[in-house]
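See structure below.
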Amino acid sequence: MSRNVTRRGLLRVGGTAVALGIAGCLRSSDEDQWAIEGTLSVTNAQQFSSPGCSCCGQYASYLREYLDTTLRETETEDVAALKRRHDVPTDLQSCHTLVLDEYVVEGHVPAEVIATLLDEEPAIDGIALPGMPAGSPGMGGTKSGSFTVYALDDGKTGNVYAEI
């Protein structure tokens with residue numbers, strides 16, 4: 001019986017590792033494709049995430065390279081309530097929410113898209129890259145196809161903001 005438990009334990013660990021790899025939470029060498037020139041000029045930068053989320057920490061590390069201010073990381077047990085408070089529609093949600101001055105940035109949005117948002121200052125609440133796409137900043141894996149970043153506006157699923 002202990003052999004079955006040991007075998008099950010190994011299968012669980014192996015299955016978890018495979019699932020994490022498929023989800024893209026393992027770091028890859030594609031991170032350099034998201035490098036940008038210059039910095040993101042904001043006075044307030046705060047990222048909210050669930051406790052223990054490793055890809056949220058990877059994204060925060062990536063973003064710190066480009067911010068000209070300190071990024072505050074806040075772990076919260078009720079990320080869903082925070083997303084509701086910032087009017088992030090359910091279908092555009094990801095694992096973390098970033099507040100940069102007056103804009104909300106949902107998910108693993110590349111710095112180049114954030115730079116465009118900050119430069120253009122559109123009359124929207126923010127932007128979102130839904131889910132946790134493999135190959136995006138802070139996620140492992142390889143990018144396949146384009147990513148669609150949506151505009152956030154009054155809690156509704158917004159228009160396409162950028163295709164990258």
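Residues 1 to 164 in full-length UniProt numbering are what the sequence shown spells out, letter by letter.
All residues carry an ideal CB built from backbone N, CA and C; glycine is no exception.
Note that this is a predicted model, so its numbers are computed, not measured.
Alpha carbon to alpha carbon, how far is residue j from residue i? Give it in angstroms, no decimals.
{"i": "Val88", "j": "Lys156", "result": "8 Å"}
{"i": "Pro51", "j": "Ala81", "result": "15 Å"}
{"i": "Ser146", "j": "Ile164", "result": "5 Å"}
{"i": "Pro137", "j": "Tyr62", "result": "7 Å"}
{"i": "Gly140", "j": "Asp154", "result": "32 Å"}
{"i": "Pro122", "j": "Thr97", "result": "19 Å"}
{"i": "Asp119", "j": "Glu37", "result": "14 Å"}
{"i": "Leu117", "j": "Glu77", "result": "29 Å"}
{"i": "Gly135", "j": "Asn159", "result": "23 Å"}
{"i": "Arg72", "j": "Val99", "result": "10 Å"}
{"i": "Arg27", "j": "Glu106", "result": "Its pLDDT being 43, under 50, Arg27 is placed unreliably in this model, and the coordinates cannot settle the point."}
{"i": "Thr43", "j": "Cys95", "result": "23 Å"}
{"i": "Cys56", "j": "Asp101", "result": "19 Å"}
{"i": "Leu152", "j": "Arg85", "result": "13 Å"}
Under DSSP, the alpha helix (DSSP H) around residue i begins and ends at which residues?
{"i": "Asp101", "result": "Premise fails: Asp101 is in no alpha helix (DSSP H) and is neither H nor E."}
{"i": "Leu92", "result": "Careful: Leu92 lies outside any alpha helix (DSSP H) and carries neither H nor E."}
I believe residue i touches residue j by the beta-carbon criterion, under 8 Å. Please report the beta-carbon distance rounded to the nearest angstrom.
{"i": "Val109", "j": "Val149", "result": "6 Å"}
{"i": "Gln93", "j": "Pro133", "result": "About 13 Å; that fails the 8 Å criterion."}
{"i": "Val113", "j": "Ile124", "result": "Contact doesn't hold; Cβ gap of about 13 Å is too wide."}
{"i": "Thr74", "j": "Phe48", "result": "5 Å"}
Which term fits residue i, buried or exposed, when burial requires 16 or more other beta carbons within 10 angstroms of its beta carbon?
{"i": "Val104", "result": "buried"}
{"i": "Glu65", "result": "exposed"}
{"i": "Ala45", "result": "buried"}
{"i": "Ala35", "result": "exposed"}
{"i": "Gln58", "result": "buried"}
Going by DSSP, name the residue or residues bridged to residue i.
{"i": "Ala128", "result": "Glu106 and Tyr150"}
{"i": "Leu82", "result": "Paired residues: none, contrary to the question."}
{"i": "Leu63", "result": "Leu63 pairs with nothing; no bridge assigned."}
{"i": "Leu118", "result": "Answer by DSSP bridge pairing: none, since Leu118 is not bridged."}
Tell me where the beta strand (DSSP E) around residue i begins and ends.
{"i": "Ser49", "result": "Ala45 to Ser49"}
{"i": "Ala162", "result": "Lys156 to Glu163"}
{"i": "Thr74", "result": "Arg72 to Glu75"}
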